[in-house]
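Student:
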Amino acid sequence: MNPATPSPFQQLVRRLRQMEIRILKTVDAQLQGNFHSVFKGTGLEFDDVRLYQYGDEVRAIDWAVSSKGHGTFVKTYKEEREQQVLLLLDVSGSQKVGAANRRKLDVGREICGVLALAAARQDAQLGILAFSDQKELYLPPGKGIRHAYALIKRLFSLEPESRQTAVGAGIKQALGLLKRRTIVLLISDFIDTNYERELTMLARKHDLVVLQLLDKREREFPPLGIIPLHDQESGRTVWVNTSAQSFRERYRATYEQNREQIGQICRRHRTEYLSIATDTDFIPQLVRLFRQRNQRGGRG
1 MNPATPSPFQ QLVRRLRQME IRILKTVDAQ LQGNFHSVFK GTGLEFDDVR LYQYGDEVRA
61 IDWAVSSKGH GTFVKTYKEE REQQVLLLLD VSGSQKVGAA NRRKLDVGRE ICGVLALAAA
121 RQDAQLGILA FSDQKELYLP PGKGIRHAYA LIKRLFSLEP ESRQTAVGAG IKQALGLLKR
181 RTIVLLISDF IDTNYERELT MLARKHDLVV LQLLDKRERE FPPLGIIPLH DQESGRTVWV
241 NTSAQSFRER YRATYEQNRE QIGQICRRHR TEYLSIATDT DFIPQLVRLF RQRNQRGGRG
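Quick look at the structure:
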């Protein structure tokens, strides 16, 4: 290979860098320079105790310290400075739906790559857990550009062992791995059931952002007559009449029901939710999300 020719990995990193710069430039311009971090602190961590003063809230009293008989003490807190971020990415078979190089899995990988570079720039600790119905890849949160490059390289070379989906099991694995409050970006198409209990636990314990990946092929199937359809996850092939109105209505209803289900769950738990279509530019959508988070200071 010509030394002057960038390797595929170098080309990938260059493309992700350009996306990252677009995000940061756009956000910075829209906020007139007030954008501090993509991963802005959203909580408080325990700092110290001090003597109770008139006006302090009773619930702030540290009863364990106060019980030692040296006075009544209250807990003091400081804003979390060093953020920990976990990318929780679904890499099951249904993620392979989409046009060449624009499958849901490709878009999910790009989002993770851009955020890894942004985290390195902002000195945030970022890790990844990629799952199907099992753990496919786990890199614990780390800092710096070398860590970001290692994460990108491992993620883009990953060939999942299983095609099945288990969103609930993936969330459960993440809950077992996280020892402190973390910003979790859950990226999936959510073509699954029975994951609300785990999603609720994740939303309660951590600062959760849900990104749902969608492809237009799942919304409107082209009328191609009777053709064989291959299920990415089960591996089965069935013949269906794609021109039949009953098939098309059922197909569209499944798509809408899936999208509405995850949207309702997120609204119920006041969790940030964003749907991203594979045929759109996801940068402006992420910019709006980060801008809203920055202005709100996260969920608090």
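Residue numbers 1 to 300, in full-length UniProt numbering, belong to the letters of the sequence shown in order. The beta carbon of each residue, even a glycine, is placed where N, CA and C say it ideally should be. Bear in mind the structure is a predicted one, so any value in this text is a computation, not a measurement.
Suppose contacts are defined by Cβ-Cβ distances below 7 Å. Is lysine 172 in contact with glutamate 198 by that definition?
Tutor: Yes, the pair counts as a contact, with Cβ atoms nearer than the cut-off.
Student: Assuming proline 160 contacts valine 91 under a Cβ cut-off of 8 Å, what Cβ separation, rounded to an integer in Å, is found between them?
Tutor: Yes, they are in contact, since the Cβ atoms of proline 160 and valine 91 sit about 5 Å apart, within 8 Å.
Student: What does serine 188 pair with, by DSSP beta-bridge criteria?
Tutor: Answer by DSSP bridge pairing, in chain order: Gln212.
Student: So what does leucine 129 bridge to, in DSSP terms?
Tutor: Beta-bridge pairing links leucine 129 to Leu88, Tyr138.
Student: With three or more beta-carbon pairs closer than 8 Å as the criterion, would you say the segment 178-196 touches the segment 61-71?
Tutor: Flag = no, the segment 178-196 and the segment 61-71 do not touch.
Student: What would DSSP say about glutamate 161, mapped onto helix, strand or coil?
Tutor: In the structure shown, glutamate 161 sits in coil (DSSP, three-state: anything other than H, G, I, E or B).
Student: Quick check: what's the CA-CA separation for alanine 169 versus leucine 202?
Tutor: Their Cα atoms are separated by approximately 12 Å.
Student: Can you tell me whether proline 141 is buried or exposed? The criterion is at least 16 other CB atoms within 10 Å of its CB, across all chains shown.
Tutor: Answer is buried; the Cβ neighbour count reaches 16.
Student: Among Tyr273, Glu272, Gln122, Leu289, whose alpha-carbon lies nearest the alpha-carbon of isoleucine 145?
Tutor: Cα-wise, what sits closest to isoleucine 145 is Gln122.
Student: Can the beta-carbon of glutamate 218 be found less than 7 Å from the beta-carbon of tyrosine 255?
Tutor: Yes, they are a contact pair.
Student: Which residue comes first and which comes last in the beta strand (DSSP E) that contains valine 97?
Tutor: That residue, valine 97, is in no beta strand (DSSP E); it is neither H nor E in DSSP.
Student: Using the C-alpha atoms, what's the distance from phenylalanine 73 back to tryptophan 63?
Tutor: Going by the C-alpha atoms only, they are around 8 Å apart.
Student: Would you check if the segment 13-27 and the segment 112-121 touch, i.e. whether three or more CB-CB distances between them fall below 8 Å?
Tutor: Output reads yes: the segment 13-27 touches the segment 112-121.
Student: Could you give the residue range of the alpha helix (DSSP H) that holds glutamate 256?
Tutor: Note, glutamate 256: alpha helix (DSSP H), 245-268.
Student: Three-state secondary structure (DSSP) at histidine 36?
Tutor: Summary for histidine 36: the model assigns pLDDT 46, below 50, so the residue's position carries little reliability; its value from the coordinates is reported in the next sentence. Three-state DSSP puts histidine 36 in coil, outside helix and strand.
Student: According to DSSP, tyrosine 273 sits in a beta bridge with which residue or residues?
Tutor: DSSP, once it has assigned bridges, lists Val210 as partnering tyrosine 273.
Student: What whole-angstrom Cβ distance do serine 275 and leucine 214 have, given they're in contact under 8 Å?
Tutor: Right, their Cβ atoms sit about 6 Å apart.
Student: Taking buried to mean at least 16 other C-beta atoms within 10 Å of its own C-beta, is glycine 98 buried or exposed?
Tutor: Buried is the call here.
Student: Helix, strand or coil for asparagine 241, going by three-state DSSP, please let me know.
Tutor: In this structure, asparagine 241 counts as strand in the three-state DSSP scheme.
Student: Skipping 5 residues on each side, what residues in its chain have a beta carbon closer than 7 Å to that of lysine 216?
Tutor: Once the five neighbours on either side are set aside, the close Cβ partners of lysine 216 are Ala277, Asp279.
Student: Would DSSP call leucine 31 helix, strand or coil?
Tutor: Per-residue confidence for leucine 31 stands at a pLDDT of 47, beneath the threshold of 50, marking its modelled position as unreliable; the derived number appears in the next sentence. Of the three classes helix, strand and coil, the one that applies to leucine 31 here is coil, per DSSP.
Student: Per DSSP, which residues does phenylalanine 9 bridge with? Please list them.
Tutor: Note: phenylalanine 9 sits in no beta bridge, so no partner.
Student: CB-CB under 8 Å to alanine 174, same chain, minus the five flanking residues each way: which ones, in chain order?
Tutor: Correct list, in chain order: Leu86, Leu88, Leu129, Val184, Leu202.
Student: Around the C-beta of isoleucine 227, are 16 or more other C-beta atoms found within 10 angstroms, so that it is buried, or is it exposed?
Tutor: So isoleucine 227 ends up on the exposed side.
Student: I'd like the span of the alpha helix (DSSP H) that includes glutamate 198, first residue to last.
Tutor: That run of the alpha helix (DSSP H) goes 196-205.
Student: Provide the residue(s) that pair with valine 74 in DSSP beta bridges, ordered along the chain.
Tutor: DSSP lists Arg50, Ile61 as partners of valine 74.
Student: Got a sec, what are the start and stop residues for the alpha helix (DSSP H) glutamine 173 sits in?
Tutor: Per DSSP, glutamine 173 belongs to the alpha helix (DSSP H) from 167-177.
Student: When you compare the CB positions of glycine 263 and tyrosine 273, do they come within less than 7 Å of one another, or not?
Tutor: It is a contact, given that the beta carbons lie within the stated cut-off.
Student: Give me, in chain order, the residues of the same chain whose beta-carbon lies closer than 6 Å to that of glycine 127; leave out the 5 immediate sequence neighbours on both sides.
Tutor: Only Leu86, Leu139, Pro140, Pro141 meet the Cβ criterion.
Student: Measure how close the beta-carbons of leucine 137 and leucine 158 come, nearest whole angstrom, since I'm counting them as under 8 Å.
Tutor: About 5 Å; that satisfies the 8 Å criterion.
Student: Using 7 Å as the threshold, is the C-beta distance between leucine 16 and leucine 117 below it?
Tutor: Contact: yes.
Student: For arginine 248, which residues of its own chain have a beta-carbon under 6 Å away from its beta-carbon, when the five flanking residues on both sides are left out?
Tutor: Correct list: empty, nothing qualifies.
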